[in-house]
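Chains as they are written, first to last, in my numbering: chain Z, 1 to 419; chain Y, 1001 to 1818.
I have placed the structure first, in the form of structure tokens, so that the comments after it can refer back to it.
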Amino acid sequence: MPKLGQSVESCIIIGWKKQKGDSITAGEPLCEVETDKSAVEVESPVSGTLLDVFFDEGEEVAVQVNIAAIGAPGEDVTGLKPNVAAENPPEDKSPGTSDEAVQPPPAQPAALEVPQTRLSKQDRSKRRISPRAASLAEELGVDISAIKGTGPGGRIIERDVRAAPPTALKPAAVQTRLTPPIQTDLPPGEAQTAPLQGTRKIIAERMLYSIQTTAQLTLNASADASALLSFRQRLKNSAEAFDLQNVTINDFILFAVSRTLPDHQELNAVLLKEAISQYESVHLGFAVDTPRCLMVPVIRDANTLNLKAISLEAKRLTAACLEGVVSPDELTGGTFTVTNLGSLGIESFTPILNPPQVGILGVGNVNLKPVEVDGEVRHIPHIGLSLTIDHQAIDGAAASRFLGTLSGRLTAIDLLVAM
Amino acid sequence: MPKSLTIDPSEVRQRSAIKSQEIPVNAYAATPERERKKYGSENLVRIYRDMVYIREFESMLDGVKKEGAYRGVEYDHRGPAHLSIGQEAAAVGQCFHLSADDFIFGSHRSHGEILAKSFSAIEKLGESDLIGIMESYMDGASLRVVQRFTRGDAKDLAINYTLYGTLAEIFGRENGFNKGMGGSMHAFFPPFGVMPNNAIVGGSADIATGAALFKRVNRKPGIVIANIGDASMGCGPVWEAITFAAMDQYRTLWDQEVGGNPPILFNFMNNFYGMGGQSKGETMGFGILARVGSGVNPDAMHAERVDGYNPLAVADAVERKRDILEEGQGPVLLDTVTYRFSGHSPSDASSYRDKSEMDLWYQQDALTNYGEYLKENRHADTSRLDAFRDDVTERLVNVFEAATSLELSPRVSIHVDSIGEMMFSDQYQDRLSEKAPEVLIPKSESRLKTTLAKHRFGLDGGKPLPKLQTLTYAEALFEALMHRFYEDPTMIAYGEENRDWGGAFSVYRGLTECLPYHRLFNSPISEAAIVGTAVGYALSGGRVVAELMYCDFMGRAGDEIFNQMAKWQSMSANVLQMPMVLRVSVGSKYGAQHSQDWTSIVAHIPGLKVMFPATAYDAKGMLSLALRGTDPVVFFESQRLYPEPETLVEGGVPTEYYEVEMGEPALRRRGGDLTIVTVGAVLYRALEAADELSDKHGISAEVIDARFINPLNYDKIVESVEKTGKVVLVSDACERGSFLHTMASNISQLAFNYLDGPVAVVGARNWITPPAELEEAFFPQKEWILDAIHERVLPLTEHKVSTVQNVEEIVRRNQLGV
């Protein structure tokens, strides 16, 4: 089981792509696993026959534990089984052993990762936490693997959780569904039913959690998109050497948002049960529609990147999401999110907050809007902006001011880029 | 100690010699004619009847244990059966002259005594009395069963009632005399004067003495007999009971009107064996047990050896001794010779005695011989005598069937906490008799004049007031005692140095002037007898305060505290109450045998209430509570605190009467970051630690004084731990096996999810208490508490430990066993 992110300790096997006895080539998907943040395909590191799988679908497996054995048909792979391996540690069949007598034959089954060793004393102590601190961490949504214990022997105690840095915050899991189901039976007629599982389940829980635990208020506005459109046209037509031809409208929006949030830090913030934490740095999430599900990768320190750098990073992350190779670490730690449905023809909508963030900007399409200019009505292209805020943390007026600033800067995007 | 008795050197240094009283051995010499005249045929025959009843009852149990059936009805009796086959004449003869007012206490081998004493009482009680007793005892539950198969008069009913109540008790049934809680070795029935039988050898000696003391002090009629075995002569508490009963003061110092020595007869049922040890010639050196009397007092305890194989010899002896006891000239010792044909218990193969010895006794079987005597002297013919066997068999078949039926004789339900409900009587009574309390001066002229006039709070504007002018912890105890002495006429107190000296720590100072001797007196240095007699006094219906000076001395009274004081309420199914307070103190500065906190030892024993006040307010309020209750309380006091005034409870110690709520810990300081729970005087060191936590580390500690060990309401403690998440428990008891570990375990379970660290226990070292100069290395100090917090619960910034309190040390100490 590969380690799929810094803070990932274990993954759940969602499904095997190959059955025992199937042949598999290096790079071919072996199984699909999911962390609490994303679902990822695990590729086979070698070619051969899938001799054994050690875990069933739905089982949770610690990282760096053997999950399957691939080799030549008929080989004995019992020694690779995680529990067996732990019981017979002297029979080390990993390559590089100096003992000639047990030099592995060429078709030695390859473990997917290094064999698991028993948890060292240090690892155990890392997990030491008082029951009180553990409950509090759960309540506040603090990732305990990201904090250091100051109790006896490094035990994480209450004060450590209370003093947890904002980076240790994680979206809290939904513990209970508050709304009772309205209908328990399926409507009549044929239906294709699939269990709510994997990332869909996670999204379902997060969305419900969001709507149940935040006070969402959506403000709609639009910005004069004339400069935006002409600037973008200019880039599109620019020389290939500049590598600016693929900058999208959304990249401009991301850029403008990254420059506006530092002036309105109350929106660049997270709200946890007892505290609002505002950030100077902008870690900007943006929604990516993938065939599997909606994903929100994060552009780190977006406020320090220029337009082109933002655009390139957005493209890299989008591609990673679409290919399913995005790292779980790239999907967390955002301070604000932008979601764009403009390309799908949506004028305005009510984006759902991504807690513990307190703001999400929805971007609509560009429409002509009649505007009175010097006593005559002109039709000027406008881009729709729908800002959802958590009214617990921000008042409507402050959010309106942010929207006003953003709108002004989009109108004068060329100047903003020049700044 | 009393000033009225002078130790004159010229007298005690005078040359002289001690001449022992002659001790009669088997001196009974009445002729059959005199016996006919004295008793009449009917009584003589009834003695035979009772012997047959006992023989058949015991033989039935012998069969049940050995063959698993009686008369074809199968029954598996799991419990014990120590039978007295062969000893019937001694039991029946003893009880012939006794009435229901007379008490007998017995041993593990007392089925025969239960029956003999009951049958004797039945013969003497009127019909309405008998019916009244049977209808009221346990609401007549047993009577209703007996009525199903009994035809005949009240006496017939009462005989079957006795057989059934005893057998149901032996079989552990709810209709037994003690709801099955006593069983074979402890069964008893107070309405007929059958008092607790005791499975601890010699256990009845001091308890019976206490019952006799109760009769004397409260002017109740009747004598008390302790039926104990010959082997119990080797038990210290038996000797202690004898010396306690033989004290001179009853006749030299107590008011004559009280009546002299307690009316106690120590009857040794001498069957020559203590289980398998032979007291004659092997395990003891007295030769003839009665000889012991001459070592006790100038009267040689009016000791006699009596032929227990002749019921009339025994009856005669008891009748004569009863006069001596009623005149206050006791105690009396009887060495009643008898022999058990049955083994010690059904598992006894009699490997320690020869069959030829048993044959010699069979040849002189009292039942056969007495039957022959009756026939020879034409009191009854064979057919009449044989008819008794048929009669009792018929009764026993019915009784056995009823007692083994789960429908008629269910066991107490274990699906509800029936037994738990019997552990304490939980009653509160101002007085146990309506008589006027006997006192020497009005309360208003007592030492209360001084104590009530003192400052009731030790601080004035935060500054300490002069101690001499402020009510102390010891004086607060005195006030509580005074209140109850003037309310409850049955209340007495005794122990070592209690009178004149006022107790080693002066708690009783001023009581000597208020109370006559029989309400406050000095006991011999006999801790077992101090506690054991108090148990007897309390279960007879009087309130008693026994004092042991140092709790270290509880070791000397181990059986009396653990097996007697703690158990008789529940073993009696609450037929008896135990309104008894045992005062003990926790010392210091006096080394290993005088400086231990033994709260944990009694905490482990079910049936005891255990209290340990740490302030003057609680000293008065908790002793007041204990003294109004009906349960046995081991009341711990602190020698460190005796001279201390109240400094924690606002307003100080009230002058009027009040009680502290049972089992409720006291919040001594409010705090939010950490909880410290203490037991006893260590409270003040915990408060010092709390001061330092607040001053140096900005940590606000909540300090709770548990003050009760049992019962204990955990609500306040758990509530505090839920708030703070961190808790340290502190007591002066040695850490290993400390009650604090019970508390820690309970807190861990009740507040687990709230805990921010393990529950830390800080107790005294698992050492002997070293010399006074080294005590700081033994008893928990402020630094220990701070270091334990730092090492195990919450590291303190810039704190330098001065003692070793880390978890590695716990491992090290346990590996070494220290």
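For each residue, glycine too, the CB sits at the ideal point set by N, CA and C.
With a Cβ-Cβ cutoff of 7 Å, do residue i and residue j count as a contact?
i: Y:Ile1264; j: Y:Ala1245; result: yes
i: Y:Glu1479; j: Y:Lys1620; result: yes
i: Y:Ile1699; j: Y:Asp1673; result: yes
i: Y:Ser1540; j: Y:Phe1214; result: yes
i: Y:Leu1481; j: Y:Val1653; result: no
i: Y:Glu1496; j: Y:Met1549; result: yes
i: Y:Leu1396; j: Y:Ala1402; result: no
i: Y:Met1580; j: Y:Val1544; result: yes
i: Y:Phe1485; j: Y:Tyr1642; result: no
i: Z:Ile394; j: Z:Ser210; result: no
i: Z:Val417; j: Z:Leu307; result: yes
i: Y:Lys1726; j: Y:Asp1691; result: no
i: Z:Glu330; j: Z:Pro291; result: no
i: Z:Ser44; j: Z:Glu28; result: yes
Taking its Cβ as the centre, do 16 or more other Cβ atoms sit within 10 Å of residue i, making it buried, or is it exposed?
i: Z:Ala69; result: buried
i: Y:Phe1752; result: exposed
i: Y:Ala1528; result: buried
i: Y:Glu1240; result: buried
i: Z:Leu169; result: buried
i: Y:Val1092; result: buried
i: Y:Thr1252; result: exposed
i: Z:Gln19; result: exposed
i: Y:Trp1784; result: buried
i: Y:Leu1468; result: exposed
i: Y:Pro1645; result: buried
i: Y:Gln1014; result: exposed
Could you tell me the alpha carbon to alpha carbon distance between residue i and residue j, rounded to whole angstroms?
i: Z:Ala85; j: Z:Ala26; result: With a pLDDT of only 41 at Z:Ala85, under 50, the local geometry of the prediction cannot be trusted, and the value read off the model is given with reservation. Cα to Cα, Z:Ala85 sits roughly 24 Å from Z:Ala26.
i: Z:Arg118; j: Z:Glu9; result: In this predicted model, Z:Arg118 has a pLDDT of only 39, less than 50, meaning its place in the structure is not dependable enough to derive any value.
i: Y:Arg1353; j: Y:Phe1341; result: 11 Å
i: Z:Leu271; j: Z:Pro356; result: 5 Å
i: Y:Asn1297; j: Y:Lys1220; result: 25 Å
i: Z:Thr260; j: Z:Asp185; result: 49 Å
i: Y:Glu1113; j: Y:Arg1499; result: 38 Å
i: Y:Ile1561; j: Y:Leu1511; result: 26 Å
i: Z:Asp224; j: Z:Ile413; result: 10 Å
i: Z:Leu51; j: Z:Gly58; result: 20 Å
i: Y:Phe1266; j: Y:Ser1720; result: 55 Å
i: Z:Leu415; j: Y:Tyr1754; result: 57 Å
i: Z:Ile203; j: Z:Phe349; result: 19 Å
i: Y:Ala1089; j: Y:Val1318; result: 13 Å
i: Z:Ala397; j: Y:Val1730; result: 57 Å
i: Y:Leu1740; j: Y:Ser1425; result: 26 Å
i: Z:Leu30; j: Z:Asp56; result: 13 Å
i: Y:Ser1405; j: Y:Val1399; result: 10 Å
Can you look up residue i in the DSSP assignment and give me helix, strand or coil?
i: Y:Glu1074; result: strand
i: Z:Thr176; result: Note that Z:Thr176 scores 45 on pLDDT, short of 50, meaning its location in the model is unreliable; the coordinates nonetheless yield the value given after this. Residue state, collapsed to three classes: coil.
i: Y:Pro1311; result: helix
i: Y:Ile1159; result: helix
i: Y:Met1301; result: helix
i: Z:Gly375; result: coil
i: Y:Ala1764; result: strand
List in chain order: all unbroken alpha helix (DSSP H) runs of 4+ residues lying wholly within the region 1314-1382 of chain Y. Counting only runs of 4 or more, we get 1355-1363 and 1366-1376.
Continuous alpha helix (DSSP H) assignments of at least 4 residues falling wholly in the region 1130-1217 of chain Y: The region 1130-1217 of chain Y contains these whole alpha helix (DSSP H) runs: 1141-1149, 1154-1170 and 1203-1217.
Quick one: complete alpha helix (DSSP H) runs, 4+ long, within the region 294-351 of chain Z? Complete alpha helix (DSSP H) runs here, min 4: 307-323.
Unbroken stretches of the alpha helix (DSSP H), 4 residues or longer, contained in the region 1233-1273 of chain Y: DSSP runs (the alpha helix (DSSP H)) wholly in the region 1233-1273 of chain Y: 1236-1245 and 1249-1252.
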